[in-house]
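Chains as they are written, first to last, in the working numbering: chain H, 1 to 228; chain Y, 1001 to 1116. For each residue, glycine too, the CB sits at the ideal point set by N, CA and C. Have a look at the structure below before the remarks.
As structure tokens, this is what we get:
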């Protein structure tokens, strides 16, 4: 690829997402090409990522303005740290693998939003895109077809109903803990502190909120599942 | 009642994380969860459908500084309900009928008025 750069015959449009990231990583040596690659990278993935940011932000009581900010921050992280590793990808489809990687970066930005007056610079402990457990490295290629939209909507209705009785604070505590738990990490102390300040709760209250939210959701599911 | 039958036994303690990651509450862990998200929100009316990333600002390193505050909507009714549930949970009791009825009414109301 370096040869192509030297001969000025880079075809960014037909380049895979992981190749674009590689060119971005050469921004010190080849700034112009890196910028072109980054521009192409953004135009390829921005729509999908911005829309996901809008949905995730809703869960955290953030609006679309903040969603666009965290989406920008996510791409800024890619520009700054183009560390995507296709060998660790959890999908054979490069575009899907890149999106899964970027969504972890995005979610971290949402959790850390407001801690600083700029995009968050997470520590490796805080960063959900840093994969630490063996299970995380297993490629999850599931052969099942995606359920029909109506079935998926029922799932969403159940989850929305389960969350309905939770206050915004409960919801944020619940989802933040879940995000780290499902990544095989304990919630970092810094995140816990951030929650305390942001939600105006003590450390003990955060624990109680987490327990209450868990109980509430599981109680709801239990009630739903026994009612026939 | 038909609503409850439709809901019964689909999501439980064993697969809730899977569905939270598929339905846009948590980030997806794998391509199936991502595909579910894409299908579920395919016809969602996104406010940001025409928005784009500020590539130049990112490259120049001057992405707008911002400070945001979380808009927490305190809902006294919800807090009261949670307090009731907390008390029940502490005592290890079965949920009383009036709480179950209140939850059902609220969920029914939500189902009728939910956008998705």
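*Taking residue 100/H as part of the alpha helix (DSSP H), name the residues at either end of that continuous run.*
94-112 is the extent of the alpha helix (DSSP H) around residue 100/H.
*In the DSSP assignment, find the alpha helix (DSSP H) that holds residue 164/H and state where it starts and stops.*
Looking at the DSSP string, the run of the alpha helix (DSSP H) that includes residue 164/H is 149-164.
*Please report how far the alpha carbon of residue 199/H lies from the alpha carbon of residue 93/H, in whole angstroms.*
Rounded to the nearest angstrom, the two C-alpha atoms are 39 Å apart.
*Flag residue 140/H as yes if its beta-carbon sits less than 8 Å from any beta-carbon of chain Y, otherwise no.*
Model confidence at residue 140/H stands at a pLDDT of 49, short of 50, so the residue's coordinates are unreliable and nothing is read from them.
*Can you tell me whether DSSP reads residue 119/H as helix, strand or coil?*
DSSP places residue 119/H outside both helix and strand once states are collapsed to three, so it counts as coil.
*Check the Cβ of residue 64/H against every Cβ in chain Y and list those closer than 9 Å, keeping chain order.*
Think of a sphere of 9 Å around the beta carbon of residue 64/H: the chain Y residues whose beta carbon falls inside it are 1046, 1047, 1048, 1051, in chain order.
*At which residues does the alpha helix (DSSP H) containing residue 232/H begin and terminate?*
With chain H represented from 1 up to 228, any question about residue 232/H goes unanswered, as that position is not in the structure.
*Would you kindly report the start and end of the unbroken alpha helix (DSSP H) that includes residue 59/H?*
Its alpha helix (DSSP H) spans residues 31-59.
*asked:* I need the DSSP call for residue 137/H, collapsed to helix, strand or coil.
replied: With a pLDDT of 43 at residue 137/H, under the threshold of 50, the modelled position of that residue is not reliable, and the figure given next carries that caveat. Reduced to three states, the DSSP call for residue 137/H is helix.
*Work out the CA separation of residue 223/H and residue 75/H for me, nearest whole Å.*
Cα-Cα distance, rounded: 42 Å.
*Would you mind working out which of 47/H, 81/H, 59/H, 70/H sits nearest residue 21/H, comparing C-alpha positions?*
Out of 47/H, 81/H, 59/H, 70/H, 81/H has the C-alpha closest to the C-alpha of residue 21/H.
*First through last residue of the alpha helix (DSSP H) which encompasses residue 26/H*: Neither: residue 26/H is in no alpha helix (DSSP H) and is coded neither H nor E.
*DSSP state of residue 176/H mapped onto helix, strand, coil*: Residue 176/H: helix per DSSP, three-state reduction.
_For residue 1115/Y, the three-state DSSP class (helix, strand or coil)_ = For residue 1115/Y, the pLDDT reaches just 42, beneath the cut-off of 50, and the residue's location in the model is therefore unreliable, leaving the point undetermined.
*Grab me the residues of residue 238/H's own chain with a C-beta within less than 7 Å of its C-beta, minus the 5 sequence neighbours each way, in chain order.*
The structure shown has nothing for residue 238/H, since chain H only spans 1 to 228.
*Between the C-alpha atoms of residue 104/H and residue 1027/Y, what's the straight-line distance to the nearest angstrom?*
Each residue's Cα considered, the two are about 6 Å apart.
_Cβ-based burial, residue 204/H [other Cβ within 10 Å; buried from 16]_ = The residue is exposed, with fewer than 16 neighbouring Cβ atoms inside 10 Å.
*alpha helix (DSSP H) containing residue 1040/Y: first to last residue?*
In the DSSP assignment, residue 1040/Y falls within the unbroken alpha helix (DSSP H) covering 1031-1040.
*Given that a residue counts as buried once 16 or more other Cβ atoms are within 10 Å of its Cβ, and exposed if not, what is residue 1/H?*
Exposed, because fewer than 16 other Cβ atoms sit within 10 Å of the Cβ of residue 1/H.
*Buried versus exposed, by CB contacts within 10 Å (16 or more), residue 1061/Y*: Its Cβ having fewer than 16 others within 10 Å, residue 1061/Y is exposed.
*asked:* Within 10 Å of its beta-carbon, does residue 11/H have 16 or more other beta-carbons around it, so buried, or fewer, so exposed?
replied: Exposed: under 16 other Cβ atoms inside 10 Å.
*Distance, Cα to Cα, residue 33/H vs residue 24/H?*
One Cα belongs to residue 33/H, the other to residue 24/H, and the distance between them is close to 8 Å.
*Within chain Y, partners of residue 38/H - CB distance below 8 Å*: The contacting residues are 1055, 1058, 1059.
*Where residue 161/H and residue 86/H are concerned, what is the direct C-alpha to C-alpha distance, given to the nearest angstrom?*
Distance between the alpha carbons of residue 161/H and residue 86/H is about 38 Å.
*Nearest chain H C-beta to residue 1019/Y closer than 8 Å, yes or no?*
Residue contact check for residue 1019/Y against chain H: a CB pair falls below 8 Å.
*My understanding is that residue 79/H touches residue 1059/Y, with C-beta atoms under 8 Å, so please give their C-beta distance in whole angstroms.*
The C-beta distance from residue 79/H to residue 1059/Y rounds to 7 Å, short enough to meet the 8 Å contact threshold.
*In angstroms with no decimal places, state the Cα-to-Cα distance between residue 137/H and residue 84/H.*
Because the pLDDT of residue 137/H is 43, which lies under 50, any placement of that residue in the model is unreliable, and the question is left without a value.
*C-beta atoms of residue 100/H and residue 1034/Y nearer than 8 Å*: In contact: residue 100/H and residue 1034/Y (Cβ atoms closer than 8 Å).
*Cβ pair residue 67/H, residue 54/H closer than 8 Å*: Yes, the Cβ-Cβ distance between residue 67/H and residue 54/H is below 8 Å.
*Can you find a CB in chain Y that lies within less than 8 Å of the CB of residue 146/H?*
Contacts with chain Y at 8 Å (Cβ-Cβ) include residue 146/H.
*What's the gap between the Cα of residue 125/H and the Cα of residue 35/H?*
Distance between the alpha carbons of residue 125/H and residue 35/H is about 30 Å.
_Taking 8 Å as the threshold (beta carbon to beta carbon), is residue 154/H in contact with chain Y?_
Residue 154/H counts as touching chain Y.
*Closer than 7 Å by C-beta to residue 114/H: which residues in its own chain qualify, once you throw out the five before and the five after it? Chain order, please.*
Take residue 114/H, set aside five residues on each side of it, and the residues of its chain with a beta-carbon closer than 7 Å to its own are 198, in chain order.
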